[in-house]
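Engineer: Sharing a structure with you now.
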């Protein structure tokens, strides 16, 4: 319960607390007001309107307090509803991640069985390599992607995607030099392949070859002027280069 109160305070829901203090101050005033003697026995009835007025004021104060309590309760319900909604969204994403993992596991098993029996096509090797990339098994991913390139008989431009994926598996495994070779092959096969240009720029940046990285990002922007990744990375590198000049 203390956590809920902390949340409510963070939300600035302190009006009810103020109302409580107001009510307590009114209760105190009943006992300490200098005109309280008017309610003593034998006091003139001509002053009875004062008692009525005070009773009315006290009733109004109580009504305000009750309304305040109702308002606070309503806010708490809204807060609780929002919290449950957030928990529901969180649960949805957890379930979704579990389903994605299961799908990856099932896909990997089916494709590995095809590989084991020697029936896997170049495209299936590519798919298995992509699954291993998702699972972050980079050496295995590289193995299957290399096999996909070896067996490839499809469209040459589509082969660029395999080289890009292979380059990504290498750079993720810390093999920067051979990743650059794969990214360069990808952009040679498909010059407008913006993702491969960005990956090439990133690989050059990791290798501390900043001028080559800028050139790669410039190429990405040539084909996609609104590409935020390329622009942000290129501008950041240029600022660093300016500091050294």
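Numbering (the UniProt record's numbering), first residue to last: 1 to 245.
From the three backbone atoms N, C-alpha and C, an ideal C-beta is built for every residue, glycine too.
With a Cβ-Cβ cutoff of 8 Å, do residue 189 and residue 159 count as a contact?
Structural biologist: Counting from 1 along the chain shown, the entry for residue 189 is found at position 189. Counting from 1 along the chain shown, the entry for residue 159 is found at position 159. Result yes, Cβ atoms of residue 189 and residue 159 sit closer than 8 Å.
Engineer: Just mark residue 202 as buried or exposed, buried being the case when its beta carbon has 16 or more other beta carbons within 10 Å.
Structural biologist: For the purposes of this step, residue 202 is taken as residue 202 along the chain shown, with counting starting at 1. Burial call: buried.
Engineer: In whole angstroms, what separates the C-alpha of residue 146 from that of residue 192?
Structural biologist: Sequence index remark: in the chain shown, residue 146 carries index 146 (1-based). Sequence index remark: in the chain shown, residue 192 carries index 192 (1-based). Cα to Cα, the separation comes out at about 23 Å.
Engineer: Here's a check: name, in chain order, each residue in its chain whose Cβ is nearer than 8 Å to the Cβ of residue 187, leaving out the five neighbours to either side.
Structural biologist: If you number the chain shown from 1, residue 187 lands on position 187. Closer than 8 Å at the Cβ level, and outside the excluded window around residue 187, lie 160, 193, 196, 197, 200, 219.
Engineer: Are the CB atoms of residue 168 and residue 123 within a distance shorter than 8 Å?
Structural biologist: Your numbering for residue 123 matches position 123 in the chain shown. Your numbering for residue 168 matches position 168 in the chain shown. Cβ distance not < 8 Å, so residue 123 and residue 168 don't count as in contact.
Engineer: Please report how far the alpha carbon of residue 154 lies from the alpha carbon of residue 163, in whole angstroms.
Structural biologist: Taking the first residue of the chain shown as 1, we reach residue 154 at position 154. Taking the first residue of the chain shown as 1, we reach residue 163 at position 163. So the two alpha carbons sit approximately 14 Å from each other.
Engineer: What separation, rounded to the nearest whole angstrom, lies between the Cα atoms of residue 136 and residue 177?
Structural biologist: As a working note, residue 136 is residue 136 in the chain shown. As a working note, residue 177 is residue 177 in the chain shown. When rounded, the distance between both Cα atoms is 20 Å.
Engineer: Just checking my contact of residue 148 with residue 129 at CB under 8 Å: how many whole Å lie between their CB atoms?
Structural biologist: Your numbering for residue 148 matches position 148 in the chain shown. Your numbering for residue 129 matches position 129 in the chain shown. The pair is a contact, with the Cβ atoms about 6 Å apart (cut-off 8 Å).
Engineer: Which of the three DSSP states is assigned to residue 137 in this structure?
Structural biologist: As a position in the chain shown, residue 137 is number 137, starting the count at 1. Of the three classes helix, strand and coil, the one that applies to residue 137 here is coil, per DSSP.
Engineer: With DSSP as the reference, label residue 121 as helix, strand or coil.
Structural biologist: The residue given as residue 121 occupies position 121 in the chain shown. Correct three-state label for residue 121: coil.
Engineer: Please tell me whether residue 210 and residue 240 are closer than 8 Å, where the distance is taken between their beta carbons.
Structural biologist: Within the chain shown, the letter at position 210 stands for residue 210. Within the chain shown, the letter at position 240 stands for residue 240. In contact: residue 210 and residue 240 (Cβ atoms closer than 8 Å).
Engineer: Let me know the alpha helix (DSSP H) ranges lying completely inside the UniProt repeat "TPR" (160–193), each 4 residues or longer, listed in chain order.
Structural biologist: Runs found: 176–189.
Engineer: Give the straight-line distance between the Cα atoms of residue 127 and residue 207, rounded to the nearest whole angstrom.
Structural biologist: Translated into the one-based positions of the chain shown, residue 127 becomes position 127. Translated into the one-based positions of the chain shown, residue 207 becomes position 207. Rounded to the nearest angstrom, the two C-alpha atoms are 29 Å apart.
Engineer: Less than 8 Å between CB atoms is the rule here; does residue 104 satisfy it with respect to chain C?
Structural biologist: Looking at the structure shown, chain C is missing, and only one protein chain is on hand.
Engineer: What's the C-alpha gap between residue 121 and residue 172?
Structural biologist: Reading the chain shown from its first residue, position 121 is the one you call residue 121. Reading the chain shown from its first residue, position 172 is the one you call residue 172. Using only the alpha carbons, I get a separation of about 25 Å.
Engineer: For residue 95 and residue 103, what's the separation of their Cα atoms in angstroms?
Structural biologist: What you label residue 95 is simply residue 95 of the chain shown in a count that begins at 1. What you label residue 103 is simply residue 103 of the chain shown in a count that begins at 1. Because residue 95 carries a pLDDT of 46, less than 50, the predicted location of this residue cannot be relied on, and no value is offered for it.
Engineer: When burial is assigned at 16 or more other CB atoms within 10 Å of the CB, is residue 157 buried or exposed?
Structural biologist: Translated into positions along the chain shown, residue 157 becomes position 157. Counting Cβ neighbours within 10 Å, residue 157 comes out exposed, since fewer than 16 surround it.
Engineer: Sorted by chain position, which residues of the same chain lie with C-beta nearer than 8 Å to residue 108's C-beta, five sequence neighbours on each side aside?
Structural biologist: What you label residue 108 is simply residue 108 of the chain shown in a count that begins at 1. Excluding positions up to five away in sequence, the list reads 128, 131, 132, 135.
Engineer: If you run the structure through DSSP and keep just helix, strand and coil, what is residue 16?
Structural biologist: Sequence index remark: in the chain shown, residue 16 carries index 16 (1-based). Only weak support exists for where residue 16 lies, its pLDDT of 37 falling under 50; the value from the coordinates is given anyway. Here residue 16 sits in helix by DSSP.
Engineer: Taking only the alpha-carbon atoms, compute the straight-line gap between residue 204 and residue 105 and give it to the nearest angstrom.
Structural biologist: As a position in the chain shown, residue 204 is number 204, starting the count at 1. As a position in the chain shown, residue 105 is number 105, starting the count at 1. Each residue's Cα considered, the two are about 33 Å apart.
Engineer: For residue 165, which residues of its own chain have a beta-carbon under 7 Å away from its beta-carbon, when the five flanking residues on both sides are left out?
Structural biologist: Taking the chain shown and counting its residues from 1, one reaches residue 165 at position 165. Counting only Cβ-Cβ distances below 7 Å, and skipping sequence neighbours, we find 129, 130, 133, 145.
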